[in-house]
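A.B. asks:
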Amino acid sequence: MAKRTFSTLETFLIFLLIMMTAITVALLSLLFITSGTIENPKGFPSTESSQATLSPTATQGSTLTQGPTATQVSPVTTTPEPPLFQNFSGYHIGVGRADCTGQVADINMMGYGKSGQNARGLLTRLYSRAFIMAEPDGSNRMAFVSIDIGMVSQRLRLEVLNRLKSKYGSLYRRDNVILSGTHTHSGPAGYFQYTVFVIASEGFSNRTFEYMVTGIVKSIEIAHTNMKPGKIFMNKGIVDGTQINRSPYSYLQNPLAERLRYSSNTDKEMLVLKMVDLNGDDLGLISWFAIHPVNMNNSNHLVNSDNMGYASYLFEQEKNKGHLPGQGPFVAAFASSNLGDVSPNILGPYCVNTGESCDNANSSCPIGGSSMCMSRGPGQDMLDSTQIIGRILYQRAAALYALASQELTGPLTSAHQWVNMTDVTVSLNSTHTAKTCKPALGYSFAAGTIDGAGAFNFTQGTTVSDPFWDTLRDQLLGRPSDEIKECHKPKPVLIHTGELSKPHPWHPDIVDVQIITLGSLAIAAIPGELTTMSGRRFREAIKAEFATYGMRNMTVVISGLCNVYTHYIATYEEYQVQRYEAASTIYGPHTLSAYIQLYRGLAKAIATDTVANLSRGPEPPFFKELIKPLIPNIVDRAPIGKNFGDVLQPLNSKYRVTHQTFLTVEKYEDASATWQVVHNDASWETRFYWHKGLLGHSNATIQWHIPDTAKPGIYRIRYFGHNRKQDFLKPAVILSFESTSSDFEVVTT
13 MAKRTFSTLE TFLIFLLIMM TAITVALLSL LFITSGTIEN PKGFPSTESS QATLSPTATQ
73 GSTLTQGPTA TQVSPVTTTP EPPLFQNFSG YHIGVGRADC TGQVADINMM GYGKSGQNAR
133 GLLTRLYSRA FIMAEPDGSN RMAFVSIDIG MVSQRLRLEV LNRLKSKYGS LYRRDNVILS
193 GTHTHSGPAG YFQYTVFVIA SEGFSNRTFE YMVTGIVKSI EIAHTNMKPG KIFMNKGIVD
253 GTQINRSPYS YLQNPLAERL RYSSNTDKEM LVLKMVDLNG DDLGLISWFA IHPVNMNNSN
313 HLVNSDNMGY ASYLFEQEKN KGHLPGQGPF VAAFASSNLG DVSPNILGPY CVNTGESCDN
373 ANSSCPIGGS SMCMSRGPGQ DMLDSTQIIG RILYQRAAAL YALASQELTG PLTSAHQWVN
433 MTDVTVSLNS THTAKTCKPA LGYSFAAGTI DGAGAFNFTQ GTTVSDPFWD TLRDQLLGRP
493 SDEIKECHKP KPVLIHTGEL SKPHPWHPDI VDVQIITLGS LAIAAIPGEL TTMSGRRFRE
553 AIKAEFATYG MRNMTVVISG LCNVYTHYIA TYEEYQVQRY EAASTIYGPH TLSAYIQLYR
613 GLAKAIATDT VANLSRGPEP PFFKELIKPL IPNIVDRAPI GKNFGDVLQP LNSKYRVTHQ
673 TFLTVEKYED ASATWQVVHN DASWETRFYW HKGLLGHSNA TIQWHIPDTA KPGIYRIRYF
733 GHNRKQDFLK PAVILSFEST SSDFEVVTT
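For what it's worth, this note's numbering labels the leading residue of the sequence shown as 13, then goes sequentially.
Right, here's the structure in full:
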């Protein structure tokens, strides 16, 4: 390869970037939090929010939702275990749901890694949905929690386990608790400890971290309290019309004989668990399906749970009739699976500037390159697409739920290890071994995907490094070692994260591997995103391992984004062509083989009743000093002559029902002479926008769209907000206010 020389302009740009980065690093060093305590600001109001409690939305900055104050470590005060009824066939089952929304303004959104994609309001609340199952005598139990967040961070899991230990002693532990993110890309960031994710989050947010931890723990507490004897039924079925493979060129690198075994380049099977009490009354549902929640694209600024959350919303509204969204006893979780290369934008990639297809090996357009290549559909816009895909998922899950008849019975067993994923020796065959690598991200990582392109026009499928970016990286971060470059081949290393430790390690070394079996079902908690073929190989290998040791006919389900986030897990063949998923496979080309080997070890331990002999493994770190949010929170000020909560634009006196999806908030009931809440901010049909202005001024805009099902009558909108106030030389305090629109009438045509 010919040596590249740099022009005067390129040299100047390199120098400028070096100086800017040096200044940024220096500022980050000054922004460390010097205490591990998780705090809320003084004067910030606290209200717990669960499935039985309505939490109003607030306004300014990072104070838009409410959550209780707590600290990182609490003294152990074990809660007495309630007596369990034992003489029945089935399991004790508990379900719970709690709000974990966090900030809905002045915080980055987690998923796309797009600078400037900060939250500016709320479309739907985010929930933690917990399911506890225990054997009849209570001797063994598990907790599965599906959370409307991008992914579970290691810090989040460790804090949840600490609080569960404080409340329940050894009842809920690292081996029998699974935390799984739905992978919505429209939730708040700021709850990570490793530097790559902190940079993507634009800092660590105590407040969002606390909301999430509190919501997760609360959902488990509700499920624990509600446990009752019941039965669990399983069903599986095909879901059509919701997915495409966003890296078909990578998929085609897998062996032809292997690909011919499958009818599609995505996994279309949905697995559903139906939970009922001994009277047959509905308790809850868990559905696993492989699809990315990215119908809401990277231009979105409203916090929401995307297509999987909308499916949960529809299922829960159907089962909890008469309850507002987020309330009612029935809990429905749509959990993630091997979604790594699966997109819900089923009309496929096209060049936004020309309209032509960019479904090619590099996902690149003739004019504008990769940044112009984006996927779309199936709806007219991202909100429409989200609801279309979510509704299909809900309808298929409802049908499978109704017909579920295969009862799960038998022992409940859990196995867990912490593993140093940078140093796993993999047996490739009887004579050859390989090793995993220290983490590194490839060039195509920076390219993004057809669901959200990256910056600087990096291109997917890049297998050769660029001297410009290599030089810039070497000056900013240091030169990667020959060892890490050799280990990751053919990945050209863009960022050698495994060799960077300032201000903290950039990627995790210690990773959770975990399997829980519930009778003939094995739930494998995966700390990342398996591609379609990776998931197929994984399930097949674990199923075979169980069968080898006597546990035949096991069903293996992959639960994704669990316990700690390690990006993607591509097959060895997919790794060779280095599209986004492969460039984001951070432990090198043998990552999948290493995970399969580790999980086979867990399966063998369960099947041979030797779980007690498994080594615990090296415990992961919990850093005490973290970077403060880089998005500033400023004092709120009302414009001259205005007060907080003033209605800026009056409503019309009368509205007609249309055939679009429109809703109201409160309806006046003549019989009782009271206002009844008919919708809250968790409703998909409402919109809350927060507009940040200059000098502390901001406006909140509330929209609803009245549906044709709305009953005629008198309605109003109420608004609950908070503003930040700070007197001279005093700490900032958060003050609440509320306002109400004028009454208006809804009439039929």
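Just so it is clear, CB atoms sit at the ideal spot from N, CA and C, and this is done for glycine as well.
Beta carbon of aspartate 187, beta carbon of serine 426: below 8 Å?
C.D. replies: yes
A.B. asks: Measure the Cβ-Cβ separation of isoleucine 496 and lysine 447 and say whether it is below 8 Å.
C.D. replies: With a cutoff of 8 Å on beta-carbon distance, isoleucine 496 and lysine 447 are scored as not near each other.
A.B. asks: Pick helix, strand or coil for proline 361, following the three-state DSSP scheme.
C.D. replies: strand
A.B. asks: Compute the distance between the beta-carbons of alanine 142 and valine 107, then report whether it is under 8 Å.
C.D. replies: yes
A.B. asks: Pull up the distance between the alpha-carbon of tyrosine 694 and that of glycine 338, whole angstroms please.
C.D. replies: Residue identity differs from the one stated: residue 694 is alanine in this sequence, not tyrosine. Rounded to whole angstroms, the separation of the alpha carbons of glycine 338 and alanine 694 is 7 Å.
A.B. asks: Pull up the DSSP beta-bridge partners for arginine 728, would you.
C.D. replies: Glu678
A.B. asks: When the Cα of threonine 445 is compared with those of Pro601, Thr398, Ile401 and Asn291, which residue comes out closest?
C.D. replies: Pro601
A.B. asks: In angstroms, rounded to a whole number, what distance separates the CA positions of histidine 104 and valine 523?
C.D. replies: 30 Å
A.B. asks: How would you call aspartate 486, buried or exposed, if buried means at least 16 neighbouring beta carbons within 10 angstroms?
C.D. replies: So aspartate 486 ends up on the exposed side.
A.B. asks: Do proline 423 and asparagine 99 have their CB atoms nearer than 8 Å?
C.D. replies: no
A.B. asks: Using the Cβ count rule (16 or more neighbours within 10 Å means buried), how would you classify asparagine 4?
C.D. replies: No information on residue 4 is available, as it lies outside the stretch 13 to 761 that the chain covers here.
A.B. asks: Looking only at its chain, what residues have a beta carbon closer than 6 Å to the beta carbon of arginine 16, apart from the 5 residues adjacent to it on each side?
C.D. replies: Legend: pLDDT at arginine 16 = 47, less than 50; position of this residue unreliable, no value from coordinates given.
A.B. asks: Is the stretch 320-338 touching the stretch 548-557, taking contact as three or more C-beta pairs under 8 Å?
C.D. replies: no
A.B. asks: Under 8 Å between the Cβ atoms of asparagine 469 and glycine 562?
C.D. replies: no
A.B. asks: Compute the Euclidean distance between the alpha carbons of asparagine 218 and glycine 340, then round it to the nearest angstrom.
C.D. replies: Taking the straight line joining both Cα atoms gives about 30 Å.
A.B. asks: Does the stretch 650-658 come within contact of the stretch 184-199, defined as at least 3 CB pairs closer than 8 Å?
C.D. replies: no
A.B. asks: What alpha helix (DSSP H) runs, 4 residues minimum, are completely inside the stretch 569-634?
C.D. replies: 584-587, 592-595 and 603-619
A.B. asks: Starting from serine 231 and walking both ways along the beta strand (DSSP E), at which residues does that stretch end?
C.D. replies: From DSSP, serine 231 is part of no beta strand (DSSP E) but of the alpha helix (DSSP H) over 218-237.
A.B. asks: Can you tell me where the alpha helix (DSSP H) holding isoleucine 401 begins and where it ends?
C.D. replies: 394-415
A.B. asks: What residues in its chain sit with their C-beta under 6 Å from that of phenylalanine 44, if we drop five residues either side in the sequence?
C.D. replies: Residue placement at phenylalanine 44 cannot be trusted, given a pLDDT of 38 that sits under 50; what the coordinates show is reported in the next sentence. Correct list, in chain order: Glu637.
A.B. asks: Check the C-beta distance from isoleucine 244 over to serine 375 and give it rounded, since I have them as a contact under 8 Å.
C.D. replies: So it is not a contact: roughly 42 Å between Cβ atoms.
A.B. asks: Okay, do the stretch 566-578 and the stretch 403-412 touch, 3+ Cβ pairs below 8 Å being the bar?
C.D. replies: no
A.B. asks: Which class does leucine 183 belong to by DSSP, given the choice of helix, strand or coil?
C.D. replies: coil
A.B. asks: Do you know how far the Cα of tyrosine 203 is from the Cα of threonine 226?
C.D. replies: 13 Å
A.B. asks: The alpha helix (DSSP H) with threonine 560 in it runs from where to where?
C.D. replies: 544-560
A.B. asks: Alpha helix (DSSP H) containing alanine 323: first to last residue?
C.D. replies: Judged by DSSP secondary structure, alanine 323 falls within the alpha helix (DSSP H) whose first and last residues are 318-331.
A.B. asks: Where does cysteine 499 sit, in a helix, a strand or coil, going by DSSP?
C.D. replies: helix
A.B. asks: Taking the alpha-carbon positions, what's the aspartate 739 to isoleucine 746 distance?
C.D. replies: 12 Å
A.B. asks: So if DSSP puts valine 210 in a beta bridge, which residue, or which two residues, is it bridged to?
C.D. replies: Valine 210 pairs with nothing; no bridge assigned.
A.B. asks: What's the C-alpha gap between threonine 760 and glutamate 678?
C.D. replies: 17 Å
A.B. asks: Exposed or buried, what is glutamine 688 when buried is set at 16 or more other beta-carbons lying within 10 Å of its beta-carbon?
C.D. replies: exposed
A.B. asks: So is lysine 723 buried or exposed if we call it buried at 16+ other beta carbons inside 10 Å?
C.D. replies: Counting Cβ neighbours within 10 Å, lysine 723 comes out exposed, since fewer than 16 surround it.
A.B. asks: Helix, strand or coil for lysine 742 per DSSP?
C.D. replies: In this structure, lysine 742 counts as coil in the three-state DSSP scheme.
A.B. asks: Looking only at C-alpha atoms, which of Leu707, Ser348 and Trp430 sits nearest to leucine 610?
C.D. replies: Trp430
A.B. asks: Going straight from the alpha carbon of proline 743 to that of alanine 712, what length do you get?
C.D. replies: 25 Å
A.B. asks: So, is arginine 628 buried or exposed, given that buried needs 16 or more other C-beta atoms within 10 angstroms?
C.D. replies: A residue is called buried once 16 or more other Cβ atoms fall within 10 Å of its Cβ, and arginine 628, having fewer, is exposed.
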